[in-house]
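If you count by our numbering, then the sequence shown holds residues 18 to 448, one letter each, in order.
See structure below.
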Amino acid sequence: MEKKDNIVDAELVTVESNEASNLPAVRTVANSAGTEIVTYGANGEILDCKFTRVDFDTPATILSYCDDIKDEISAILDSTAQMALDSQEVQIDDDMLSNITSFEDSLDESDKKAEKEKNLPAVIKGIRGILTTLGVRKIDEKIAEETTYKGRYEKYCEGLDEVSAAVESQKQGAMNDIGLRNAIIAEIAPYIEILEEMIKVGEIDRATYDESIEALRQLPQDQDTQYMVQYKTQLSEVFNGKLNRLSKALVALKGQVQEYRLQNGTDMNIVMEADSYLKDTAPLLKSKGSVKVFNHQQANRTVGLAKLNEASNQAFIDTAKELEENALASVELSNYGGITLEALEAMVGAGQRGIAIFKNARQQKQQIIAQERQGLAKLTETLTDMNNELLQLADDASVREELLKGASSTKYGAPVKKLGTRKTTTKKGKK
Numbered sequence: 018m019e020k021k022d023n024i025v026d027a028e029l030v031t032v033e034s035n036e037a038s039n040l041p042a043v044r045t046v047a048n049s050a051g052t053e054i055v056t057y058g059a060n061g062e063i064l065d066c067k068f069t070r071v072d073f074d075t076p077a078t079i080l081s082y083c084d085d086i087k088d089e090i091s092a093i094l095d096s097t098a099q100m101a102l103d104s105q106e107v108q109i110d111d112d113m114l115s116n117i118t119s120f121e122d123s124l125d126e127s128d129k130k131a132e133k134e135k136n137l138p139a140v141i142k143g144i145r146g147i148l149t150t151l152g153v154r155k156i157d158e159k160i161a162e163e164t165t166y167k168g169r170y171e172k173y174c175e176g177l178d179e180v181s182a183a184v185e186s187q188k189q190g191a192m193n194d195i196g197l198r199n200a201i202i203a204e205i206a207p208y209i210e211i212l213e214e215m216i217k218v219g220e221i222d223r224a225t226y227d228e229s230i231e232a233l234r235q236l237p238q239d240q241d242t243q244y245m246v247q248y249k250t251q252l253s254e255v256f257n258g259k260l261n262r263l264s265k266a267l268v269a270l271k272g273q274v275q276e277y278r279l280q281n282g283t284d285m286n287i288v289m290e291a292d293s294y295l296k297d298t299a300p301l302l303k304s305k306g307s308v309k310v311f312n313h314q315q316a317n318r319t320v321g322l323a324k325l326n327e328a329s330n331q332a333f334i335d336t337a338k339e340l341e342e343n344a345l346a347s348v349e350l351s352n353y354g355g356i357t358l359e360a361l362e363a364m365v366g367a368g369q370r371g372i373a374i375f376k377n378a379r380q381q382k383q384q385i386i387a388q389e390r391q392g393l394a395k396l397t398e399t400l401t402d403m404n405n406e407l408l409q410l411a412d413d414a415s416v417r418e419e420l421l422k423g424a425s426s427t428k429y430g431a432p433v434k435k436l437g438t439r440k441t442t443t444k445k446g447k448k
């Protein structure tokens, strides 16, 4: 009867055993690729081996034991390591993330630029129009992108698409890594299984060799026998060191395979997370972007309507105030319109004061005239005295006669000098 079982140590290694009631059990160990490795007898002895065993009479086989299998494993690891480094995936940077987190600020910036654009001088807008017509630059498209919600939202969606492309590349990269690691495991595992079985066979061969050394020790000990024991013991120790190194390498390789499997688990989570972003999160982010636009529009509408309501109420208040002021003005005009009593009183009072002023002025004028007459009389008298004094001061009779010539008596009998006569210097008399 033939039966196939799994051996735990080699995981995928299968064991073929022949069992019969009167026949010893024989085991043939094969690796996961189906390659037979070793056939063991009922007592664990090696009946058949598909690889080169150690030959203690040929020391080189001790040093090179399992090297061919290790070379195969190294070649696989070297080639696949180069393949693992050949990745073309796109990394998600801070600019991509900023596009998502700063969309609200982008809408606020759109409002500011729209207001600034509206207040630009006409000459600047005219120059822009000329440049756009000449095809120098798509200025209108740039302005629309920066000053409208639609332009900002389209820019936001472009950023989301860029992120999605990066996530898709990482998803594909993770899936490629999973496939690569699975291929490495599938290719390297059969060699690891062979290496493990070779170590077991090596341990058996070393134990058998040590038994032969022990048998030599039981013989009569001469120098040759002692040298032989020492030499064979040295070979056994060297091979033991070799097997120890191979055992370490086996553990390391098994650990490497386990790391590949753990990495596959991590990459599977990455693939699921990336797939969730692409199918769930990215569409929702675009929807959230439109919600932000709606919120911004609603905020603007609410603010605008609030300002409109305030302006309307202020208009009602101003109108009522104007009506009140006009009513008060009309009542005041009605009560105090036309010529007021105060105006008439002011007019009459002014007339009375004017008459009084004229009366006072006439009296003052009469007083002034009287005073002036008195003064003129005094001046006339003073002048007459001055003429007489002049006449008396003349020593020469001819001069007196000359002075008297042409002189005419005034009303008061004083001579008056005619115009055009020779000037005579006289001293003025004091009053």
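Cβ atoms here follow ideal geometry from the backbone N, Cα and C, with glycine treated the same way.
Less than 9 Å between the beta carbons of I216 and L267, yes or no? yes
Kindly indicate the opening and closing residues of the beta strand (DSSP E) around Y57. 53–57
Taking A50 and P207 to be in contact with their CB atoms under 8 Å, please state how far apart those CB atoms are, rounded to whole angstroms. 4 Å
Should N343 be labelled buried (16 or more other beta-carbon atoms within 10 Å of its own) or exposed? exposed
Would you call the segment 214–233 in contact with the segment 312–323, where contact means no fewer than 3 C-beta pairs closer than 8 Å? no
Which value, in whole angstroms, describes the spacing of the CA atoms of A191 and I109? 15 Å
Are I211 and I93 closer than 9 Å when you measure CB to CB? no
For C66, which beta-bridge partners are listed by DSSP? V55
Apart from the five residues just before and just after T52, which ones in its own chain have a Cβ nearer than 6 Å to its Cβ? none
For V255, the three-state DSSP class (helix, strand or coil): helix
DSSP three-state call for N60: helix, strand or coil? coil
Cβ distance (whole Å) where Q59 is taken to contact V43 below 8 Å: Rather than Gln, the amino acid found at residue 59 in this sequence is Ala. Indeed, because the Cβ distance is near 7 Å, the residues count as touching under 8 Å.
G176 and I117 - do their beta-carbons sit closer together than 9 Å? yes
For the alpha helix (DSSP H) containing K376, name the first residue and the last one. 358–410
Return the chain-ordered list of same chain residues with a C-beta closer than 6 Å to the C-beta of L151, the five sequence neighbours on each side being excluded. Since pLDDT at L151 reaches only 49, below the 50 mark, its modelled position is unreliable, and the value read off the structure follows with that caveat. None.
State yes or no: is the C-beta of G219 within less than 9 Å of the C-beta of K249? no
Within the same chain, show all residues whose beta-carbon is closer than 6 Å to that of I209, passing over the 5 residues directly before and after it, in chain order. L270
Cβ-based burial, F256 [other Cβ within 10 Å; buried from 16]: buried
Cα-Cα, which of L393, E213, A203, E389 is closest to A86? The question names Ala, but residue 86 is Ile in the sequence shown. Answer by Cα proximity: E213.
Counted within 10 angstroms of its Cβ, other Cβ atoms place D284 as buried (16 or more) or exposed: buried
Could you check if A394 is buried or exposed, using at least 16 other CB atoms within 10 Å of its CB as the buried criterion? exposed
Short of 6 Å in beta carbon distance, which residues of its chain neighbour E62, apart from the five on each side in sequence? Order them along the chain. none
Whole angstroms is fine: what's the gap from E171's alpha carbon to Q187's? 24 Å
What is the DSSP secondary structure of A323, reduced to helix, strand or coil? helix
Can you find the residues in the same chain that come closer than 6 Å, C-beta to C-beta, to I195, ignoring five residues on each side of it along the sequence? N281, D284
Starting from I117, follow the alpha helix (DSSP H) in both directions and report where the run begins and ends. 111–118
Quick one: Cα of S329 to Cα of A337, how far? 12 Å
Please tell me whether A182 and V288 are closer than 9 Å, where the distance is taken between their beta carbons. no
What is the rounded straight-line gap between the Cα of T274 and the Cα of I201? A small fix is needed here, since residue 274 is Val in this sequence, not Thr. Between V274 and I201, the C-alpha separation is close to 8 Å.
Would a C-beta distance cut-off of 9 Å place E179 and M113 closer than the cut-off? yes
For R223, count neighbouring Cβ atoms within 10 angstroms of its own Cβ and tell me buried if that reaches 16, exposed if not. buried
Classify R262: buried if its beta carbon has 16 or more other beta carbons within 10 angstroms, exposed otherwise. exposed
Per-residue DSSP class, three states only, for Q108: coil
Between C174 and K303, which are expected to be in contact by the criterion C-beta below 8 Å, what is the C-beta distance as a whole number of angstroms? 6 Å
Taking buried to mean at least 16 other C-beta atoms within 10 Å of its own C-beta, is V71 buried or exposed? buried
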